[in-house]
Amino acid sequence: MEKKIAVYICTGCGIGDALDIDALSKVAKGEFKVPICKTDGQLCGPEGVALIKQDIENDGVDTVVIAGCSARVNYDVFKFGSDKIVERVNLREQVIWCHTADDEDTQMLAEDYMRMGLVKQKNMNVPEPYHVESFSRNIMVLGGGLTGLTAALESAKAGYSTILVEKEAELGGYVGKMYKQVPMKPPFTDLEENCIPNLVKAVEDAGVKIYKSATVENTAGAPGMFDVTIKQDDGTVQERVGAIVLATGAKPYEADKLGHLGFGKFPNVITQSMFEEMAVAGTPEASKVAFIQCAGSRDQEHLPYCSAACCIESIKQALYVKEKNDEANVYVYYKDIRSNGQYEHFYMKAQQEGVVFVKGDVTEITEEDGKLTIEADDKTMGTTSLADEFDYVVLANGMVPTAALGDLMEEESTTDEAAAACDEPKASTPPIIKANLLNLVYRQGPELPALKYGFPDSHYICFPYETRRTGIYAAGVVRAPMDMLSAVEDGAGAAMKAIQCVEVTEKGEAVHPRSGDMSFPEFNMNRCTQCKRCTEECPFGAINEDEKGNPLPNPSRCRRCGTCMGACPERIISFKNYSVPMVGNMVKAIEMPEEDEEKPRILIFACDNDAIPALDMAGINHMQYNSWVRIIPLRCLGSLNLVWINDAMGRGFDGVLLMGCKHGDDYQCHFMKGSELAEIRLSKISETLDRLGLESERVRATTVSIMDYDKIPAMLDEFAADLEELGPNPMKDFQ
Amino acid sequence: MVTPDKERAAEQAVPHSFKKKRGDNYFMEQKKIFSEPVKYDLTFAREIYRLENGSYIKQCMNCGLCTVSCATRDVMEYPPRQLFNLIKLGKKEEVLTSNTFWSCTSCCTCKARCPRGIPIIDVMHDLKKYAIEYGYTDYPQAAFYKAFWTEMSSRGKMFEGGMTARYFLTRGLDEIVKAMDMKDVGISMLKHGRMPLLPPKKIKGLGGLKKIISKAQELDRKEAAR
Amino acid sequence: MRYSYYPGCSSEATAKANAHSIEGVAKALDVQLEEIPDWNCCGASVASGVVGDFTQLVVTARNLAIAETKGLDVVTGCSSCYMTLAVANKKFKQDEHFRAKANEALAAAGLNYNGTLQVRQFLDVIINDVGLDKVAQKVKKSLDGLTVAGYVGCQTVRALPFEFDDPEQPVFMDRLMEALGATAADFPMRARCCGSSSTIPARDIVLDLGYKIFESAVAGGAQVIVTPCPMCQLNLDAYQSLVNRKYGTNFNIPVLFFTQLMAVAFGLSLEDQAFKYSIVSPYEALVQYSK
Amino acid sequence: MANKSILVVGGGISGITAALEAAEAGCEVFIVEKNSYLGGRVTQINQYFPKLCPPNCGLEINFQRIRNNPRVNFFTLAEVENISGQEGNFDVTVKINPRYVNENCTGCGKCVEACPVEIDNTFNYGMNKIKAIHLAHDFAFPMKYVIKADACKEAGCAGKCAEVCEYKAIEPDMQPKTMNLNVGAIVWATGWEPYDANKLSYYGFGRFKNVVTNVMMERMAAMNGPTGGKIVRPSDGKEIKSIAFLQCAGSRDENHLKACSSVCCLASLKHATYVREQYPDAEISIYYIDIRARGKYEDFFIKVQEEANITLIKGKAGEIEEDKTNGQLVVIAEDQEAQQVTRKSYDLVVLATGMAPTTATTTIPAEMLYDEDGFVVPGVGTAGIVAAGCVKNPLDVSSAVRDATAAALKAIQSTVRGQ
């Protein structure tokens, strides 16, 4: 159906003074023959909005192009219902606030943005949501320890049918085997009774469906339609669930590797969990006990990370000893006491009970007549201590996530020709460890991708539940080392995310970070060459493959970043409102001055999340920058399709600059590695460019963070200067 | 019992603050504790924990704020923090023969600052009392404290002349000789009417005060025995 | 304004100037001070080192018990007395076990203290009860042009941190001096210990600390040091010459009780100003203010 | 009939997160924020540890989520005055303080040029000045100007800004409004305040210009901060040759904040990276009791030690002295591992002041329980009011977000249970 377009140009905020509005209107009315093109002194004011609404009502306008301020502001004012397309042409932040007023170049820039906006809306449609068939709202929790039980309970309490799968015969996990637990509430000083029995009862009472002695044989499907095959002794069952919480916990670090601390050599050198077991059986009457912190943790030879919970767990166990025998001498050898937050009170409580804390590294443990001697540096006294007669030495041996226990998945060697042909450098992919937890039937491997040390954590500070497998949320100590208090919150948080995933999937919307986005990639399979780039590069494992290598998309796993679209050499992937032709046509809509006009053109593809706001910010701060640039926002640089570079160079652009997020270990791309992928793609065409006599330096990638707006003018000037040196794009004349 | 010789005690009263220089920065070496390995033995610590304010020292987290806060840090052998550690190590002799608690002037800075809320000066008072009880009284301050109390409790009020006399009687003539320049101070005080030669009148309720004191001490003993 | 008054032992000996000037200033400001009958020595910070905290606090509390019969809050002009009295008082108020035990001891002399009073330093009374406005009104001879180092010392503010003023950098003394027309010296050592209790047994400690205090006061441009504390006053006044001898300095800075300067600014009698007790003569520095 | 909507008090990272997580699961949410913008404390942070990425990046995503979600409603310059009712059906009175700038504001900025009144910039902790009419900060969301009206009154300005505003956006007579909301659950996420460093008088904050706090350091390092991102001495604008970070300035202290604030060690390590980036040769010292880099933050601790070449001194710094002639600061501390008391001279000292929950000073107008530092005790008090983020525990950003996500679910449960 033909769109009914109207263009509104705002002349407020100085736009009317800086630009020739009539000429701008002519672009819409003349070049693009837009039937309605109006101007207003303050479009965001009540009269301006009324003007637009009137046209929608009276003239059936369904596509509104607003040329004025940035889409980052007044978004709420210019909302006309989900069935209307609203396109914003940013004349304020990206034109008049950062370029000379009343200037030919500024005017050309504004007119080009008008063209790009008009072309863009022409090439997009209102997305229709994807609906999952046989949709399930059920939540599955994997792991029946503290975190898992909490997640299950919280999910059930919110009114969701919940299924809990535990591999042991009994629920409770590691915490379930504890004698007592660390305090979980103010005043954070007292040992608490183990919460697991009550928690288990609450979970049962809440109607959670529980599978014990059960493992997951495989997990297929996608959010809203995961099919999980659960294996028990007497066979398998299948459950359809909407989302999954992975709470399979951690295992104590292998104490056998701690021979240097006497484990394995002396029977009374034991681990935290062994001491816990002893305490359950009745804390042994001991008169002298030592706890050795960081036995394995914070040790490059063992676990380089800190296991987060051991300090307060040892404090707790020290209090067991004192509880049993007030006169017992209890020592804790530590590097740093990490009783963060209100656990400081717990630390002080242990001191008040007489537990002695010694900052020092244990250098040797020896035994004579069943009694142990500890040699250690006493750092705050500058001495060595040689304390003897210990009944027990308890090693705080840290934790290893269950997700890290398994073999690393081998990179599959590609023999496929099509794949090999277009397969040169690849973006680094996070390792997948075959830990036998989820057994995903995913093209990209059976488990959640592991981050450092095997924790399938989120990489993002602001979004700790950001997951690379949509609908599956890791929680508790499998996700990151944490104490019990954190694990309980984490279980509830992950349950929230699982519930949310179910809710948005039902509506056909994307989950974070493109929350609410209804668009999803559609594949024109006729032209697919089975190159597998889309399946490989999808950061979320959303696309499976059939035996022939054809992509099998799972829209509810998709996060709508467009990486697949950028990856596809055949350009068969597109979204309703975001596609290769859409951007390509925007590129083509930009007017290209003749070479002798000496008006070079620079095309910028900029990431919507960081680079675009940074460019806006440069405008807000009235930083002036080069007016040869034309900026096209992308969902993510991962969606950059190389054909756009072709288009741009063919059109005669003198240079192309990609502005993406920082990559590397501390990458900031919210789609994992969009900017990295774009750079890799770019590297592949540099040779071609050179061959065509187009200097590859004309096409560059750079990273900007949202805070780099002060650097942007210089960055652009520098690029422009380099281009001037190269001279005009020789293709200009071939147009 | 180890007796610190008077010479050493006197020598340590001389400030040797920040003598060492490293670039623009200065540092002050602390007393080396011991070279051979030490054992942890809480027997002595438990004795100290039982003193009026003794159990507070268990709370020390070795932050070292007391060390820096002390008005007499330049002369103190072990800062309070180290002294508390020594107690936990069972180093009774080192503790009781150290000048630490005797150097304390009760200025309350450490007490006001201690992040663990340890009333450090009160612990120092306990240690002074403990040291006197066990005969570790070779520091001049011990004599001074005793003189003060004797003077006060025998009169109900303080008479500086009497207290000074008692102090020097205990410490011996050496001490007077060393303090000869005090003479000038004394004379100017006299000249300005600030040093009465006669003691103040005893308080009327001295008998009652003495009863209060002995009852208080009795209650203390009772509580300690419990 | 009526208070029970606890003069402290020094009022009759080393700190007569304190007693006289407090008396004069109190009168000028309509503050009635009624001496606690048959008061006894508080024991300072020394007694507890011999007989323990509890005995010391009970000895101190005898004064509070006597004062309580009159029902008037207790004011003292001595920082050391203030500390022991205030700490004892707080214990009576807050620690039930202590109160019971202490009253058992006090009962030996037929006394009892319920912890109903407040213990105040005279400086606190001037600032918070009388108020600086009233003080300023009473000024007859402004101390304009005089720079004063307000040396609060340690025990006044640190015994009960923050209850009266900042324990490290108290400001009230400076505000008071400003109310008298004087300029408060920039004097970071304003609440440092002068070492008083070591004067006799470890004099070098005291001289060392005194040196730092003088140095800081002089660097801040002070012509006079004022203090609320008899120990501080004594140390800094009487031992100034020894400091000079030990460090080869020539400090010559009068050390007065703050109440003496108030007496000067209020134009009170020479007896109230009590300069004669000063060892480092204040006459020269104050000649243009004192009548 | 239970109300399915949720009120979130506090529009910082915890509040925004709780609101968005609930809204994206289908709830109607209302955010009430006392500042003129959303984002709270994190907007004042230059970079997050351990990734050293800018908070505005994540906030941008969250603001995008707010923009796109019709179920999120928010009110700035607003505070909750009264709560009545119970779980599933709370009546809440919200006071909306006047912005003096109405919705006509286009954010053009002409008013600022005309404004003659300068005030302390509280966003930068008073380290520079702004006009009485201003945008709170570059990334202020919503991007609407605001007037500090008492400053105008004091300066006797009759409204120069109103004269130049073409859009009639300035309303000097704007009055506070009250509004009533009926909600099923309340998430209380009013966050924290930096502990008042003036209370640590032994560190000389407020007396010595070159003693600053960790939150001030964030602004000094921020490109859009008072120094344009250059870390210099406040006293004379000179470059830094040496800098000391003093840990536990207020935290882990029975006289101040009794709890450990959890984030300061990592924040100081992060600050060391700021300094190192600008000054390859500066001496950087951290005085500490325990370095609390828990969990995977240990990597950051190791990385900073290796890359930023810092000196770690085990010993809480005790005192700071200032050399009046040149503003140099001498930090006196006990270096316990070296068995020395050290006096070291620095150009700048940064106090790692901790987190005081806002509930220590302003409690929730409902029956709730607080611990000795003023943190909300969870799980007791009025059912249906859930504390989230730093009013409950001192938390780093990631943990606060986790906590807020969990709180969103608890709030949803209240709306279900109240039915």
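From first to last, the protein sequence lines stand for chains P, D, C and X.
Throughout, our numbering is defined as the position within the first sequence, counted from one, plus 483.
Throughout, our numbering is defined as the position within the second sequence, counted from one, plus 212.
Throughout, our numbering is defined as the position within the third sequence, counted from one, plus 138.
Throughout, our numbering is defined as the position within the fourth sequence, counted from one, plus 15.
Ideal Cβ placement from N, Cα and C applies to all residues, glycine included.
Tell me whether residue i sits in a helix, a strand or coil according to DSSP, three-state version.
i: residue 834 of chain P; result: helix
i: residue 184 of chain X; result: coil
i: residue 1143 of chain P; result: strand
i: residue 898 of chain P; result: Note that residue 898 of chain P has pLDDT 49, beneath the 50 cutoff, so the model's placement of it is unreliable and the number below is only indicative. Residue 898 of chain P falls in the coil class under three-state DSSP.
i: residue 177 of chain C; result: coil
i: residue 890 of chain P; result: strand
i: residue 676 of chain P; result: strand
i: residue 276 of chain C; result: helix
i: residue 242 of chain D; result: coil
i: residue 349 of chain X; result: strand
i: residue 130 of chain C; result: Residue 130 of chain C cannot be examined here, being either before or after the span of chain C that is shown, 139 to 429.
i: residue 637 of chain P; result: helix
i: residue 866 of chain P; result: strand
Along chain D, which residues have their Cβ under 9 Å away from the Cβ of residue i?
i: residue 417 of chain C; result: 397, 400, 401, 403, 404 and 406
By the criterion of Cβ-Cβ separation under 7 Å, what are the contact partners of residue i in chain X?
i: residue 986 of chain P; result: 40 and 41
Residues of chain D with CB closer than 7 Å to the CB of residue i, please, in chain order.
i: residue 202 of chain C; result: Within 7 Å Cβ-Cβ: nothing; residue 202 of chain C doesn't reach chain D, min ~12 Å.
i: residue 125 of chain X; result: Per Cβ cutoff of 7 Å: no residues; residue 125 of chain X is ~52 Å from chain D at best.
Under 8 Å Cβ-Cβ, which residues of chain X neighbour residue i?
i: residue 194 of chain C; result: Chain X residues near residue 194 of chain C: none, gap ~24 Å exceeds 8 Å.
i: residue 292 of chain D; result: Simply none; closest approach about 11 Å.
Counting only beta-carbon atoms, is residue i nearer than 8 Å to chain A?
i: residue 267 of chain X; result: This model lacks chain A altogether, as its protein chains are P, D, C and X.
Give me the chain C residues within the contact set of residue i, using Cβ-Cβ distance strictly less than 9 Å, ordered along the chain.
i: residue 408 of chain X; result: The premise fails here: residue 408 of chain X is roughly 26 Å from chain C at the closest Cβ pair, so nothing lies under 9 Å.
Give the residues of chain C in contact with residue i, contact being defined as C-beta atoms less than 7 Å apart.
i: residue 318 of chain D; result: 183 and 335
i: residue 217 of chain X; result: 306
Kindly list, in the order they appear in chain P, the residues whose Cβ is closer than 7 Å to that of residue i.
i: residue 277 of chain X; result: 823 and 824
Report the neighbours of residue i on chain C: residues whose CB is nearer than 8 Å to its CB, in chain order.
i: residue 222 of chain X; result: 307 and 326
Subject >> Residues of the region 806 to 823 of chain P with Cβ closer than 8 Å to any Cβ of chain D, in chain order >> reply: Residues 812, 814 and 820.
Original post:
Are the region 746 to 755 of chain P and the region 641 to 652 of chain P touching by the rule of at least three beta carbon pairs closer than 8 Å?
Top reply: no
**OP:** Say whether the region 202 to 211 of chain C touches the region 371 to 385 of chain D, bearing in mind that this needs 3 or more beta-carbon pairs closer than 8 Å, one atom from each stretch.
**Re:** no
Subject >> Near-chain P residues of the region 44 to 77 of chain X - C-beta to any C-beta below 9 Å >> reply: 57, 61, 62, 63, 64, 65, 66, 67, 68, 69, 70, 71, 72, 73, 74, 75, 76 and 77
Subject >> Given 8 Å, three or more beta-carbon pairs between the region 142 to 151 of chain C and the region 211 to 219 of chain C >> reply: yes
Subject >> Positions along the region 410 to 434 of chain D whose CB lies within less than 9 Å of some CB in chain C >> reply: 412, 415, 416, 417, 418, 419, 420, 421, 422, 423, 424, 425, 426, 427, 428, 429, 430, 431 and 432
Original post:
Just checking, does the region 327 to 340 of chain C make contact with the region 234 to 241 of chain X on the three C-beta pairs under 8 Å criterion?
Top reply: no
**OP:** Mind the definition here: the region 150 to 168 of chain C touches the region 384 to 398 of chain C only if three or more C-beta pairs lie below 8 Å; say whether that holds.
**Re:** yes
Subject >> Interface residues of the region 514 to 545 of chain P facing chain X [CB-CB below 7 Å] >> reply: 525, 527 and 528
Subject >> Entirely enclosed beta strand (DSSP E) segments - the region 143 to 196 of chain X, minimum 3 residues >> reply: 144 to 146
Original post:
In the region 321 to 338 of chain D, which residues sit with their C-beta less than 8 Å from some C-beta in chain P, listed in chain order?
Top reply: 328
Subject >> Validate contact between the region 952 to 969 of chain P and the region 387 to 394 of chain X using beta carbons, cut 8 Å, 3 pairs >> reply: no
**OP:** Run through the region 310 to 334 of chain D for me and flag every whole beta strand (DSSP E) of 3 or more residues, listed as ranges in chain order.
**Re:** Runs found: none.
**OP:** Could you tell me whether the region 251 to 266 of chain C touches the region 175 to 189 of chain C, where touching means 3 or more Cβ pairs closer than 8 Å?
**Re:** no
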